[in-house]
């Protein structure tokens with residue numbers, strides 16, 4: 763289970779990383795059902811990335827894989843090409859979604875958007891590392 767307290771700790775750690783790299787981000791935390799637990803839009807983070815961060819968290823939980831890794835399977839000619847058009851457009855295959863695991867089981871996810879794919883993934887990883 764991902765509690766609100768957990769989500770706040772994840773967001774705080776992700777915000778610290780985003781500040782360290784100088785990139786304001788949107789940070790979303792989802793529970794085991796892919797439902798939003800908490801979201802933060804840092805000052806000056808892109809408005810268009812609010813929805814993307816939430817969908818990255820959903821995608822990472824829905825498939826229990828980082829969106830960065832999922833993207834590799836969704837390219838033309840690959841097994842899951844077109845997956846991003848499923849689930850009424852809720853699937854995001856850009857880097858920045860990372861599963862949250864407890865006792866080896868995926869129980870939620872964090873989604874980050876607002877920078878490059880590398881930046882989004884690094885900030886999401888920092889948030890996920892705070893999940894205990």
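Numbering (the numbering used here), first residue to last: 763 to 894.
C-beta: ideal position from N, C-alpha, C; glycine also.
Quick check: what's the CA-CA separation for residue i versus residue j?
i: residue 790; j: residue 829; result: 14 Å
i: residue 801; j: residue 843; result: 29 Å
i: residue 779; j: residue 849; result: 31 Å
i: residue 883; j: residue 805; result: 19 Å
i: residue 793; j: residue 774; result: 17 Å
i: residue 854; j: residue 866; result: 24 Å
i: residue 890; j: residue 772; result: 6 Å
i: residue 886; j: residue 824; result: 16 Å
Label residue i either buried or exposed according to how many other C-beta atoms from any shown protein chain fall within 10 Å of its C-beta, with 16 as the threshold for buried.
i: residue 767; result: exposed
i: residue 840; result: exposed
i: residue 861; result: buried
i: residue 832; result: buried
i: residue 785; result: buried
Going by DSSP in three states, residue i sits in which element: helix, strand or coil?
i: residue 851; result: helix
i: residue 867; result: strand
i: residue 812; result: helix
i: residue 768; result: helix
i: residue 831; result: helix
i: residue 893; result: coil
i: residue 794; result: coil
DSSP puts residue i in a beta bridge; with which residues?
i: residue 789; result: 802 and 874
i: residue 885; result: Beta-bridge pairing links residue 885 to no other residue.
i: residue 861; result: 871
Kindly give me the distance between the Cβ atoms of residue i and residue j, rounded to whole angstroms, as I take these residues to be in contact under 8 Å.
i: residue 816; j: residue 877; result: Between residue 877 and residue 816 the Cβ distance is about 16 Å, and since that is not below 8 Å, they are no contact.
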